[in-house]
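**Student:** I have a structure I would like to understand better, so I am pasting it below and will then ask my questions one at a time.
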Amino acid sequence: MEISDNKNLYTNYLKTKKSDSTIPLEVFKIDTSKIVENKNEIETSQIIENTNKTVNNYQPIEVTNYIYENRKRSTDKNALVSYWFRNNAPVDWEISKHLEVGSRGYEWCYQMENATFENVYEDAKEFEEFVAKWIEKGYSEAEALERASFYAVAGVLDYGKQKAYPIPNLDYDDKKEHGFHLIDNPPLKKAFLETLDSLDLNSVSLLVFDMFPSRQNEVSSSFQELLNQYGVKLEDLKKQNSSEEESKFTFTGNININEQMSLDYQNFIIDTLIGFFKDKINSLDKYIADNPQKPKDQLDTLKSAYDILIENFKKNTKEYNETKNILNQYLK
Numbered sequence: 548m549e550i551s552d553n554k555n556l557y558t559n560y561l562k563t564k565k566s567d568s569t570i571p572l573e574v575f576k577i578d579t580s581k582i583v584e585n586k587n588e589i590e591t592s593q594i595i596e597n598t599n600k601t602v603n604n605y606q607p608i609e610v611t612n613y614i615y616e617n618r619k620r621s622t623d624k625n626a627l628v629s630y631w632f633r634n635n636a637p638v639d640w641e642i643s644k645h646l647e648v649g650s651r652g653y654e655w656c657y658q659m660e661n662a663t664f665e666n667v668y669e670d671a672k673e674f675e676e677f678v679a680k681w682i683e684k685g686y687s688e689a690e691a692l693e694r695a696s697f698y699a700v701a702g703v704l705d706y707g708k709q710k711a712y713p714i715p716n717l718d719y720d721d722k723k724e725h726g727f728h729l730i731d732n733p734p735l736k737k738a739f740l741e742t743l744d745s746l747d748l749n750s751v752s753l754l755v756f757d758m759f760p761s762r763q764n765e766v767s768s769s770f771q772e773l774l775n776q777y778g779v780k781l782e783d784l785k786k787q788n789s790s791e792e793e794s795k796f797t798f799t800g801n802i803n804i805n806e807q808m809s810l811d812y813q814n815f816i817i818d819t820l821i822g823f824f825k826d827k828i829n830s831l832d833k834y835i836a837d838n839p840q841k842p843k844d845q846l847d848t849l850k851s852a853y854d855i856l857i858e859n860f861k862k863n864t865k866e867y868n869e870t871k872n873i874l875n876q877y878l879k
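Numbering (my numbering), first residue to last: 548 to 879.
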């Protein structure tokens with residue numbers, strides 16, 4: 548873009564100006580006939596356009612809890628949120644420029660780069676409220692968003708079309724076809740949520756990704772695969788110990804419980820799940836024993852998380868059974 552040559556205008560102004568006069572606006576007028584459009588200038592004009600959108604509203608303030616604070620005040624709803632992305636995830640920001648168009652990562656980056664304060668939590672009220680709750684507990688927005696992303700991976704927090712933070716191993720736009728969305732077991736879900744809420748961020752990530760590991764970039768069926776493997780293991784143990792009293796139930800891998808099942812069968816599923824979690828701890832102990840040269844801090848942290856989950860699960864199962872027994876007595 549070129550500025551018009553208004554040298555004569557400015558010279559004439561200097562010759563005739565009075566001491567209190569002002570420079571005529573024409574001196575600084577852009578000669579639009581000489582505009583040369585190129586990629587850089589188009590990008591610049593877009594930046595100017597986006598900036599001008601905030602003229603009649605408050606400009607975004609650069610604070611730690613950037614999205615949270617700006618959505619609470621009268622920040623222009625059309626202002627882009629990408630400042631947070633650029634400054635809190637600079638490596639991801641640069642990587643996003645080289646992602647394959649149409650890939651999962653590209654879609655997340657595209658949505659985050661173009662998110663505004665109005666649509667950053669689109670269809671994700673529960674997600675936004677979760678983040679706000681942890682910020683108000685004293686955590687930074689970055690920490691609260693990362694925690695929210697782990698809960699979303701486990702399927703215990705809906706993420707809608709939020710554009711504030713990418714959900715690992717999952718597509719933009721929550722389809723609710725993963726994790727606890729596929730599990731109908733109230734005492735387990737309650738125990739899992741209580742456990743996550745009691746853990747630090749590192750422990751949360753370890754527990755979530757151990758229970759819901761990514762399998763070929765999918766987390767929807769990974770937990771079920773682990774349960775199926777455990778079911779096979781139980782059947783093998785039965786065959787090896789045929790002298791032991793045989794259970795009247797067989798574990799099929801299905802951990803859903805409902806009103807059509809007897810309370811005995813529901814408790815069989817719950818007991819089997821507790822055995823599954825204890826088996827996970829035993830596997831970790833064995834790995835540590837077999838690999839003494841490897842660091843074990845993270846494994847000990849994961850074991851502790853499973854211990855807490857088991858205790859919460861037992862507690863919630865007891866409450867669940869008491870409620871069911873009271874209800875059954877009432878219905879007799």
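A virtual CB, placed ideally from N, CA and C, is assigned to each residue, including glycine.
Looking at the structure shown, is Lys-708 part of a helix, part of a strand, or coil, going by DSSP?
**Tutor:** strand
**Student:** Just to confirm before moving on: does the CB-CB distance between Val-700 and Ile-714 stay below 8 Å?
**Tutor:** yes
**Student:** For Glu-669, which residues does DSSP report across the bridge?
**Tutor:** Lys-708
**Student:** Output the distance between the C-alpha atoms of Glu-866 and Lys-684, rounded to the nearest integer angstrom.
**Tutor:** 28 Å
**Student:** Does the distance from the CB of Phe-664 to the CB of Ala-626 come in under 8 Å?
**Tutor:** Yes, they are a contact pair.
**Student:** From the DSSP output, in three-state form, read off Leu-717 for me.
**Tutor:** coil
**Student:** Taking Asp-731 and Asn-805 to be in contact with their CB atoms under 8 Å, please state how far apart those CB atoms are, rounded to whole angstroms.
**Tutor:** Indeed they touch by this definition, with Cβ atoms about 7 Å apart.
**Student:** The alpha helix (DSSP H) with Val-638 in it runs from where to where?
**Tutor:** 637-643 is the span of the alpha helix (DSSP H), which, as asked, contains Val-638.
**Student:** Can we say the region 684-695 touches the region 651-663, given the rule of at least three CB pairs closer than 8 Å?
**Tutor:** no
**Student:** Buried or exposed: where does His-725 fall if 16 or more other Cβ atoms within 10 Å of its Cβ makes it buried?
**Tutor:** buried
**Student:** Can you tell which of Thr-864, Gly-702 and Leu-831 has its C-alpha closest to the C-alpha of Asp-844?
**Tutor:** Among Thr-864, Gly-702 and Leu-831, the Cα nearest to that of Asp-844 belongs to Leu-831.
**Student:** How far does the alpha helix (DSSP H) with Asp-747 in it reach, from first residue to last?
**Tutor:** Per DSSP, Asp-747 belongs to no alpha helix (DSSP H) and is neither H nor E.
**Student:** Taking its Cβ as the centre, do 16 or more other Cβ atoms sit within 10 Å of Ala-711, making it buried, or is it exposed?
**Tutor:** buried
**Student:** Can you give me the Cβ contacts of Val-610 inside the same chain, cut-off strictly under 6 Å, excluding the 5 residues immediately before and after it?
**Tutor:** Glu-616
**Student:** From Leu-781 to Asn-775, what does the alpha carbon distance come to, in whole angstroms?
**Tutor:** 10 Å
**Student:** Go through its chain and collect everything with a Cβ distance to Ala-679's Cβ below 7 Å, but skip five positions before and after it.
**Tutor:** Tyr-615
**Student:** Does the contact criterion of 3 or more C-beta pairs under 8 Å hold for the region 859-873 versus the region 732-742?
**Tutor:** Because the criterion of three Cβ pairs below 8 Å is met, the region 859-873 and the region 732-742 touch.
**Student:** According to the Cβ coordinates, are Asn-716 and Ser-761 closer than 8 Å?
**Tutor:** yes
**Student:** Return the residue from the list Val-703, Thr-742, Glu-741 and Gln-606 that minimises the CA-CA distance to Lys-723.
**Tutor:** Val-703
**Student:** By DSSP's criteria, Leu-627 is part of a beta bridge. Which residues make up the other side?
**Tutor:** Thr-663
**Student:** At the level of alpha carbons, what is the spacing between Asn-872 and Ile-817?
**Tutor:** 16 Å
**Student:** Just to check, is the beta-carbon of Asp-757 closer than 7 Å to a non-hydrogen atom of the ligand ATP?
**Tutor:** No copy of the ligand ATP appears in this structure; indeed no ligand is present at all.
**Student:** Take Val-755 and list the residues in its own chain whose beta-carbon comes closer than 6 Å to its own, dropping the five residues that flank it on each side.
**Tutor:** Phe-697, Val-700 and Ala-701
**Student:** Which of the three DSSP states, helix, strand or coil, is assigned to Ile-816?
**Tutor:** helix
**Student:** Span of the alpha helix (DSSP H) holding Lys-619?
**Tutor:** Unbroken alpha helix (DSSP H) run through Lys-619: 613-619.
**Student:** What does a CB cutoff of less than 8 Å around Lys-833 pick up in its chain, not counting 5 residues either side in sequence?
**Tutor:** none
**Student:** How far does the alpha helix (DSSP H) with Glu-690 in it reach, from first residue to last?
**Tutor:** 688-700
**Student:** Tell me, to the nearest whole angstrom, how far the beta carbon of Thr-742 is from that of Leu-856; I am working on the premise that it is less than 8 Å.
**Tutor:** Leu-856 and Thr-742 do touch by the CB rule: their CB atoms are close to 5 Å apart, below 8 Å.
**Student:** Exposed or buried, Gln-787, counting other C-beta atoms within 10 Å across all chains shown (16 or more means buried)?
**Tutor:** exposed
**Student:** Under 8 Å by Cβ, that's how I've got Tyr-613 and Glu-688 pegged, so tell me the actual separation to the nearest angstrom.
**Tutor:** Sure, about 6 Å apart at Cβ, within 8 Å.
**Student:** Just verifying my parser: in three-state terms, what is the DSSP assignment at Ser-566?
**Tutor:** Confidence in Ser-566 is poor, its pLDDT being 45 and thus under 50, which makes the residue's placement unreliable; the coordinate value appears in the next sentence. Note: Ser-566 maps to coil in three-state DSSP.
**Student:** By how many angstroms is the C-alpha of Asp-718 removed from the C-alpha of Gly-652?
**Tutor:** 8 Å
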